[in-house]
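Protein chains: 2
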Amino acid sequence: MLIFVLLNLKLYLSEMTYGLLLQSIAKHISITEADEQYIVSLLSYKKIKRKQFLFREGDVHKHAVFVTSGCLRSYSIDKNGFEHILQFAPPGWWIGDMQSMIKQEPGMLYIDAVDDTEIILIQKTDLQDIYAAIPKMERFFRILAENALATYQHRLIDNLSLPAIERYQNFCRQYPSLTEILPQKQVAAYIGVTPEFLSKMLGKAAAKK
Amino acid sequence: MLIFVLLNLKLYLSEMTYGLLLQSIAKHISITEADEQYIVSLLSYKKIKRKQFLFREGDVHKHAVFVTSGCLRSYSIDKNGFEHILQFAPPGWWIGDMQSMIKQEPGMLYIDAVDDTEIILIQKTDLQDIYAAIPKMERFFRILAENALATYQHRLIDNLSLPAIERYQNFCRQYPSLTEILPQKQVAAYIGVTPEFLSKMLGKAAAKK
DNA sequence: TTTTCTTCTTAACCAAGATTAAGTTTTTTG
DNA sequence: CAAAAAACTTAATCTTGGTTAAGAAGAAAA
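Line order of the protein sequences matches chains A and B.
Sequence positions in the first sequence follow our numbering and run 1 to 209.
Sequence positions in the second sequence follow our numbering and run 210 to 418.
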């Protein structure tokens with residue numbers, strides 16, 4: 001009886017922790033419960049406090065990272081010490097330096113927590129095993145990469161063709177929940193302007209009304 | 210005897226036409242000859258003359274496009290009529306509007322030929338069949354998408370953090386063969402400056418020496 | 001609570017890159 | 001080959017956005 005309760009508890013905790021990832025997989029492919037359990041057996045879980053680092057420039061990314069609560073960000077620091085944000089990762093998103101992940105070479109990105117955050121990690125080597133054991137997972141990550149690719153294509157075009165104010169408006173439209181939470185400074189580092197200029201821009205826009 | 214010659218001829222032509230694509234696949238996964246033949250049976254071939262369009266803004270991308278000779282480019286045109294180049298595709302590269310390809314909705318990109326170009330086309334619906342028949346192909350396209358993703362991440366960081374002159378130098382280092390062939394105007398549209406400014410910049414750099 | 005750190009704002013000045021325009025060279029096409 | 005169309009250059013002027021600096025306001029930490 002006690003064992004039964006403990007088993008249920010374990011399942012329940014696992015469901016809490018890994019539910020979001022399994023749901024995300026289920027959205028694109030269907031896998032058996034045995035497959036799910038196999039995958040879960042290779043996952044690890046981690047908490048990251050606000051402002052704590054997950055990766056620094058020069059680290060080799062040996063894990064795929066999936067956010068289940070809170071929010072991470074990836075960014076580079078240029079030679080003048082300014083941050084340029086590549087991506088925010090709210091719950092349900094993956095984050096990482098693909099170049100480093102693929103080639104297993106030192107990355108150029110920093111990743112830290114915008115907020116207290118919980119993540120799921122998969123080791124790159126385990127991911128290879130998952131592909132071998134459950135070929136359908138190749139499809140899941142193909143679809144994931146293709147979607148991310150579409151997002152980056154769009155963002156690059158925006159950066160090439162739109163003035164700062166429109167890039168800001170696009171950001172607010174695309175990530176309304178982030179706009180509320182993030183300090184302005186970080187939105188500026190994402191759209192590619194200085195915090196001073198963003199402030200000036202918003203002041204002007206407000207004055208017009 | 211005649212039939213034998215014709216068969217060989219057909220194989221030879223097919224090798225000429227589809228060789229680069231099959232090689233590219235073989236670099237990442239190994240498939241049987243039967244699989245190769247199946248894939249080839251779903252491919253089509255097309256020549257595109259310099260300056261001819263393959264897609265325009267608003268078109269739905271129903272094919273994946275692989276370049277075997279020449280060079281294509283994808284770009285958007287902003288409200289002032291200026292071109293912003295997302296990608297060049299020399300031989301061995303894929304090109305397309307991922308957003309449009311995935312969601313089968315009108316795209317925002319133009320694709321035309323920088324030079325007389327030969328391409329291989331795969332219909333999106335046939336691609337689904339290929340995935341079903343040869344699951345390994347999911348891996349091939351996963352790897353492809355992941356590599357492209359890494360490239361876009363890098364380019365976006367560069368655009369956010371580097372001044373125009375360094376973006377130009379990066380372009381020359383990364384695509385030396387393109388730098389020779391392309392009109393300066395198009396390099397400008399890729400790195401995100403006006404042709405006038407690129408000209409001024411290069412004049413200054415030359416004067417220094 | 002008080003102190004400290006971070007963020008936000010404002011403003012004056014500065015610089016990278018855009019715009020306009022005109023002339024020159026190169027490439028394409030009839 | 002001549003004519004037309006692109007592409008390249010140069011220069012003057014303008015604009016977007018950066019830099020510097022300093023104070024105000026919030027948030028975090030002690």
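Using N, Cα and C, we set each Cβ at its ideal position, and we do this for glycine too.
From a predicted model like this one, the values you see are computed outputs, not experimental measurements.
Could you tell me which of the options sits nearest to residue i, measuring between CA atoms?
{"i": "residue 95 of chain A", "options": "A:164, A:82, A:121 and A:28", "result": "A:121"}
{"i": "residue 328 of chain B", "options": "B:357, B:346, B:270 and B:298", "result": "B:298"}
{"i": "residue 266 of chain B", "options": "B:250, B:374 and B:287", "result": "B:287"}
{"i": "residue 34 of chain A", "options": "A:42, A:184 and A:27", "result": "A:42"}
{"i": "residue 44 of chain A", "options": "A:17, A:24 and A:61", "result": "A:17"}
{"i": "residue 149 of chain A", "options": "B:372, B:340 and B:310", "result": "B:310"}
{"i": "residue 257 of chain B", "options": "B:275, B:245 and B:246", "result": "B:275"}
{"i": "residue 324 of chain B", "options": "B:245, B:232, B:262 and B:360", "result": "B:262"}
{"i": "residue 110 of chain A", "options": "A:129, A:84, A:192 and A:130", "result": "A:84"}
{"i": "residue 436 of chain B", "options": "B:412, B:271 and B:366", "result": "The structure shown has nothing for residue 436 of chain B, since chain B only spans 210 to 418."}
{"i": "residue 231 of chain B", "options": "B:388, B:291, B:302 and B:411", "result": "B:302"}
{"i": "residue 392 of chain B", "options": "B:365, B:408 and B:375", "result": "B:408"}
If we ignore side chains and look at the alpha-carbon of each, how far apart do residue i and residue j end up?
{"i": "residue 403 of chain B", "j": "residue 397 of chain B", "result": "6 Å"}
{"i": "residue 273 of chain B", "j": "residue 260 of chain B", "result": "20 Å"}
{"i": "residue 346 of chain B", "j": "residue 406 of chain B", "result": "44 Å"}
{"i": "residue 414 of chain B", "j": "residue 161 of chain A", "result": "26 Å"}
{"i": "residue 321 of chain B", "j": "residue 39 of chain A", "result": "44 Å"}
{"i": "residue 107 of chain A", "j": "residue 363 of chain B", "result": "10 Å"}
{"i": "residue 255 of chain B", "j": "residue 332 of chain B", "result": "13 Å"}
{"i": "residue 125 of chain A", "j": "residue 348 of chain B", "result": "16 Å"}
{"i": "residue 379 of chain B", "j": "residue 372 of chain B", "result": "11 Å"}
{"i": "residue 344 of chain B", "j": "residue 289 of chain B", "result": "45 Å"}
{"i": "residue 20 of chain A", "j": "residue 68 of chain A", "result": "7 Å"}
{"i": "residue 91 of chain A", "j": "residue 233 of chain B", "result": "36 Å"}
{"i": "residue 37 of chain A", "j": "residue 130 of chain A", "result": "12 Å"}
{"i": "residue 59 of chain A", "j": "residue 342 of chain B", "result": "39 Å"}
Counting only beta-carbon atoms, is residue i nearer than 9 Å to chain B?
{"i": "residue 57 of chain A", "result": "no"}
{"i": "residue 192 of chain A", "result": "yes"}
{"i": "residue 124 of chain A", "result": "no"}
{"i": "residue 21 of chain A", "result": "no"}
{"i": "residue 78 of chain A", "result": "yes"}
{"i": "residue 168 of chain A", "result": "no"}
{"i": "residue 102 of chain A", "result": "yes"}
{"i": "residue 215 of chain A", "result": "Absent from the structure is residue 215 of chain A, since the part of chain A shown begins at 1 and ends at 209."}
{"i": "residue 153 of chain A", "result": "yes"}
{"i": "residue 16 of chain A", "result": "no"}
{"i": "residue 82 of chain A", "result": "yes"}
{"i": "residue 86 of chain A", "result": "yes"}
{"i": "residue 178 of chain A", "result": "no"}
Counting only beta-carbon separations shorter than 9 Å, does residue i have a partner in chain A?
{"i": "residue 357 of chain B", "result": "yes"}
{"i": "residue 340 of chain B", "result": "yes"}
{"i": "residue 395 of chain B", "result": "no"}
{"i": "residue 350 of chain B", "result": "yes"}
{"i": "residue 306 of chain B", "result": "yes"}
{"i": "residue 405 of chain B", "result": "no"}
{"i": "residue 410 of chain B", "result": "no"}
{"i": "residue 490 of chain B", "result": "In the structure as shown, chain B starts at 210 and stops at 418, and residue 490 of chain B therefore has no counterpart that could be examined."}
{"i": "residue 366 of chain B", "result": "yes"}
{"i": "residue 330 of chain B", "result": "no"}
{"i": "residue 215 of chain B", "result": "Unreliable placement is indicated for residue 215 of chain B, whose pLDDT of 47 sits below 50; no coordinate value is reported for it."}
{"i": "residue 354 of chain B", "result": "yes"}
{"i": "residue 391 of chain B", "result": "no"}
Would you call residue i buried or exposed, if buried means 16 or more other Cβ atoms sit within 10 Å of its Cβ?
{"i": "residue 308 of chain B", "result": "buried"}
{"i": "residue 6 of chain A", "result": "In this predicted model, residue 6 of chain A has a pLDDT of only 48, less than 50, meaning its place in the structure is not dependable enough to derive any value."}
{"i": "residue 390 of chain B", "result": "exposed"}
{"i": "residue 104 of chain A", "result": "exposed"}
{"i": "residue 71 of chain A", "result": "buried"}
{"i": "residue 306 of chain B", "result": "buried"}
{"i": "residue 74 of chain A", "result": "buried"}
{"i": "residue 296 of chain B", "result": "buried"}
{"i": "residue 423 of chain B", "result": "Because chain B in this structure spans residues 210 to 418, residue 423 of chain B falls outside the shown range and cannot be described."}
{"i": "residue 55 of chain A", "result": "buried"}
{"i": "residue 208 of chain A", "result": "With a pLDDT of 49 at residue 208 of chain A, under the threshold of 50, the modelled position of that residue is not reliable, and the figure given next carries that caveat. Per the 10 Å Cβ criterion, exposed."}
Please tell me whether, using a cut-off of 8 Å, the distance from the CB of residue i to the nearest non-hydrogen atom of the ligand FAD is below it.
{"i": "residue 408 of chain B", "result": "This structure lacks the ligand FAD, and indeed carries no ligand of any kind."}
Touching by the beta-carbon criterion (3+ pairs, under 8 Å), the stretch 338-353 of chain B and the stretch 231-242 of chain B: Yes, they touch.
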